Every structure is written in structure tokens, then in C-alpha cells.
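Comments concern the structure below.
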Amino acid sequence: MLTVGICLPSAQADPGTDPTTPATPATPSVGEVRAAEGRATAAKGAVGRIQEQLDAANASLDAAAVRAARAAEAWNGARWTAQQARIAAREAATASVAADRALVVQEGQYRDAVIIANSAGLEVNAVDAFISADGMESLLERSAATDYVQARFDQRRDEYVAAADTAEKAEAAAADTAEKAGTALAEARAARDAADAAAAAAAAQSARIEDRKDRLVRRLARLQGVSVRLARTRQDALEAEREQARAAAAKPQPTPGPDPVAAADPKPADPKPADPKPDPDPAPPAPGNGAQSAIAFARAQLGERYVWGAAGPDSWDCSGLTSKAWAAGGKSLPHYSVAQYEQSTPISPGDLRPGDLVFWGDSGSPSSIFHVALYAGNGKIIHAPRTGRPVTEESMYYWRTPDFYARP
256 MLTVGICLPS
266 AQADPGTDPT
276 TPATPATPSV
286 GEVRAAEGRA
296 TAAKGAVGRI
306 QEQLDAANAS
316 LDAAAVRAAR
326 AAEAWNGARW
336 TAQQARIAAR
346 EAATASVAAD
356 RALVVQEGQY
366 RDAVIIANSA
376 GLEVNAVDAF
386 ISADGMESLL
396 ERSAATDYVQ
406 ARFDQRRDEY
416 VAAADTAEKA
426 EAAAADTAEK
436 AGTALAEARA
446 ARDAADAAAA
456 AAAAQSARIE
466 DRKDRLVRRL
476 ARLQGVSVRL
486 ARTRQDALEA
496 EREQARAAAA
506 KPQPTPGPDP
516 VAAADPKPAD
526 PKPADPKPDP
536 DPAPPAPGNG
546 AQSAIAFARA
556 QLGERYVWGA
566 AGPDSWDCSG
576 LTSKAWAAGG
586 KSLPHYSVAQ
596 YEQSTPISPG
606 DLRPGDLVFW
616 GDSGSPSSIF
626 HVALYAGNGK
636 IIHAPRTGRP
646 VTEESMYYWR
656 TPDFYARP
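By our numbering, the letter at position 37 of the sequence shown is numbered 292, and the numbering carries on one by one without gaps.
Quick look at the structure:
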């Protein structure tokens, strides 16, 4: 066998170049640096604008929720007013029936008195006497009846006239309260429709805002070069930090005491005994079992959804939760935040203790209250915040400083 060897020329290395050394990147030009800086600045500006839009979206979400909460509490108030009007109408109708029965009794006694007067020698026309009190008076003046019979007759006549007047007024009151109950019922139905519309509008707006926030977070992720999940986590953390900062800023700070005064040189003891010091004010009492039961009940509902007008068993609005919580604590409160304040004892924020109620309103008047929460202690509240947020325990300054405080 013949073997043929083929020799190929070897590659010639460039003298002075080490093939193992990586190539040095080219130095960017001034224009390239400025372009990169411009892109970074633009991206930073875009991130800032997106953050502003996210903040505006959150503000819109809160505003829609507040409008829905106001409408829901207006419905609760109208419903409560209608219930009270219905009770008043029922009581007035009962009083009218009782007055009519009393009138029948007095009418019979009056008729008997006329018969007795006639049998005693009084020439009394029973029909004329029954129709006209003045006619009866003149007949009595002309009669020769004894003083006793006349006194008894006068008494029966006066009782009959009074009973007739009472029955007439009771009938008018029953008609008036029935009319008011009908008006209150119509207003409650209108308030219910308004609350339903406000809740639907808030839910629709919430869906639109959440969709917009999702798109903004995705843009944020692209600009920052991170995953959408990470961008969303960062955004949630940022919003939580802002909420904590807002709560800390809203929380009243303790007033510093006066600077300590240097002690003076001791003087010789005065042989005269000093006046006894008054006993210190007692410490505020700890919350009773009722408050503890109310808090325990509210905590057991954490995570359950908000539904306007609901009072359990697995959905709540703000006053529905506090009403049922305090029912568990042994106290009845209406399912209406304004009435809960009116039926409780107003207190100052410095007197708050667990179980108390915390309120938000639109003005300095309690009639403007539209949200209520249960104070849980340590600056925390338990409440049903709004559509889209379940029953939560959080800082009482999570949103803005409360306006009113009361103890059931």
C-alpha cells in the first residue's frame, strides 16, 4: 500500500498578538454616552409618570369606594328610619284602638248617668244631652236633682268628652304616623336603589382601575427590565410603605413634658407635717367581657368579603359588622353608623380602649358619619372597609384620622 502524506502550510500568527487575550471593547463616543444617558433619563421619567398614574388610580379607587360607602350607609339610615317609623305607626294604631275601646266604655257610663238622672227626677232628654254638652248643662241647671246625682252626672259627662277627645287625637296620630311610615319606606327604597347603583358603579370602576393598574405595572416591568411578578411585588411593597408612612404621620404624637428643673439645695426639715397628697386618678378600667367578646367576634370574620347592607353570616358592611360584634358582647346597636354613635357615649381619642367605636364623617357633625370600625387596641381597628377589600385588622390611621369616637 502506498501512503501519501499531504503537508498543509501552518497559519502564521500575528507577531505581537496573544491569541488568548480578549479583544478590548471600543470606547463609546461622546454621542453614544449622551444617548445612553438620555435613554436612562427618559426611562426614569417614564417610571415616575407611571408611578404618578398608579397613585392617581389608587386615589380614584378610594374615592369610588367612599362614594359607595356613603350610599350604603344612607341606605342603612333610611332603612333604620323606616323601621322606627313602622314601630311608631304600630304603637299609634294600638293606642288608637285602646282609645276607641275606652270611649265605648265611657259612652256606656255616660248613658247610664243620663238614665240615673232621669230616674232621680231630672227632666233630662237623653238624646239632647248626648248631642250637646251645653244643652245638658242647661238641663242640669234647671233640674231639681240632688247634688250627688248632679256631681256624678258631671263626672261621667266630662269623662266621656275627654275620652272622645283622646280617641280623636289618637286616630289622627295613627293616620299621621302611618303616612310617615309610608314616606320613610319609599325613601328607604330610593336609598336602596341609590346604594345599589353606587355599589355597581364602584365595582365597575374598580375593575377598570385594576385593569389599568395591571397594564401600568407591566409597562413598569419592561422599563425596569424585571419580571411582571417582581414589579407587582415591588409596587405592593411601595404602597404598603406609603400607607404605613401615612398612618404614622396621622397618628397623634405625645406632647413632650416640661424640661426637668434642677433640684434646689435641701433645706432643714419643717417640723410641721405636710398636707396629705390627694390620691392619684385611678387608671382607666380594662375592657369588660362585652368588649372582649365583641373583638373576638370581629376577629373571627377576618378575610370575609364586604357587601353593602350585609350583616353576616359571611359578608359584612361596616356597621353590620360592628352591630353583630357588639351583639355578641351583649349590647344591641342598630345597623347604621350614625345611630350607633348616637346610642353610644362620645369619648376623646385619648380615652380609647378596646371595644370602642371609631367613626369617619364628611364634616364636624355626627350626622355626616359614613364609616365605623371596632377599636382593637394598640392603634389597630377591625372593620369592613369597602367593596373589593375584605374584613381587615389594620392601623386606625390607614386612611385618614378618624373624626369621632364613642363607647357602646
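Using N, Cα and C, we set each Cβ at its ideal position, and we do this for glycine too.
Here the structure is a predicted model, which is why all the values come from computation and not from measurement.
In the three-state scheme derived from DSSP, where H, G and I count as helix and E and B as strand, isoleucine 342 is classed as helix. Taking lysine 586 as the centre and dropping the five residues before and after it, the same chain places the C-beta of Gly545 and Pro663 closer than 7 Å to its C-beta, in chain order. A straight-line Cα-Cα distance of about 41 Å links arginine 655 and threonine 432. Within a 10 Å sphere around the beta-carbon of asparagine 331 sit 16 or more other beta-carbons, which makes this residue buried. Using a Cβ-Cβ distance cut-off of 8 Å, the segment 639-648 and the segment 586-604 are not in contact, since fewer than three pairs of beta carbons, one from each stretch, lie closer than that value.
The continuous stretches of beta strand (DSSP E) do not include isoleucine 602, and DSSP gives it neither H nor E.
Separation of arginine 411 and aspartate 355 (C-alpha to C-alpha, rounded to the nearest whole angstrom) is 17 Å.
Going by beta carbons, glycine 567 and glycine 575 fall inside the 8 Å limit. Within the model, the alpha-carbon separation for tryptophan 615 versus cysteine 573 is close to 11 Å. Taking the CA atoms as reference points, valine 360 sits about 29 Å from glutamate 434. For tryptophan 615, the uninterrupted beta strand (DSSP E) segment begins and ends at 612-616. In the DSSP assignment, threonine 647 falls within the beta strand (DSSP E) that extends over 647-650.
Judged by DSSP in its simplified three-state form, valine 472 adopts helix. For the pair alanine 486 and threonine 600, the Cα-to-Cα distance works out to about 47 Å.
A direct Cα-to-Cα measurement between arginine 467 and serine 578 gives close to 36 Å. For a cut-off of 8 Å, the C-beta gap from alanine 333 to alanine 446 is around 4 Å, short enough to register as a contact. Proximity to aspartate 310 across Thr349, Ala323 and Asp469 peaks at Asp469, based on C-alpha coordinates.
In this model, isoleucine 305 and leucine 478 are separated by some 10 Å (Cα to Cα). Straight-line measurement puts the Cα of alanine 337 at about 25 Å from the Cα of proline 640. The beta carbon of isoleucine 464 is closer than 7 Å to those of Ala312, Ser315 and Leu316 in its chain, skipping five residues each way along the sequence. Nearest neighbour of tyrosine 561 by Cα position, chosen from Gln308, Ala324, Asp448 and Ala318, turns out to be Ala324.
Closest in C-alpha terms to lysine 424, from the list Val352, Ala551 and Lys635, comes Val352. For valine 593, no beta strand (DSSP E) encloses it; the enclosing alpha helix (DSSP H) starts and ends at 592-597.
With fewer than 16 neighbouring CB atoms inside 10 Å of its own CB, isoleucine 370 falls in the exposed class.
Glutamate 414 places its beta carbon less than 8 Å from that of glutamine 364.
The beta carbon of isoleucine 602 is closer than 8 Å to those of Asp611, Tyr660, Ala661 and Arg662 in its chain, skipping five residues each way along the sequence.
Between alanine 340 and alanine 495, the gap from beta carbon to beta carbon reaches 8 Å or more. With a threshold of 16 other beta carbon atoms within 10 Å, leucine 358 meets it and is buried.
Counting along the chain, arginine 554 sits inside no beta strand (DSSP E); it lies in the alpha helix (DSSP H) bounded by residues 544-555. Residue environment: threonine 488 is assigned as exposed (fewer than 16 neighbouring CB atoms within 10 Å of its CB, all protein chains considered). Nearest Cα to alanine 326 within the set Gly634, Ala580, Thr642 and Asp569: Thr642. Distances from the CA of valine 416 to each of Leu588, Tyr591, Ala551 and Glu362 were compared; the closest alpha carbon is that of Glu362. Rounded to the nearest whole angstrom, the C-alpha separation of proline 657 and glutamate 426 is 46 Å. Short of 6 Å from the beta carbon of leucine 475, and not among the five residues preceding or following it, lie these beta carbons of its own chain, in chain order: Ile305 and Ala486.
The Cβ neighbour count for glycine 564, taken over all protein chains shown within 10 Å, is at least 16; the residue is labelled buried. Counting only residues of its own chain and dropping the five nearest sequence neighbours on each side, glycine 605 has no CB closer than 8 Å to any other CB.
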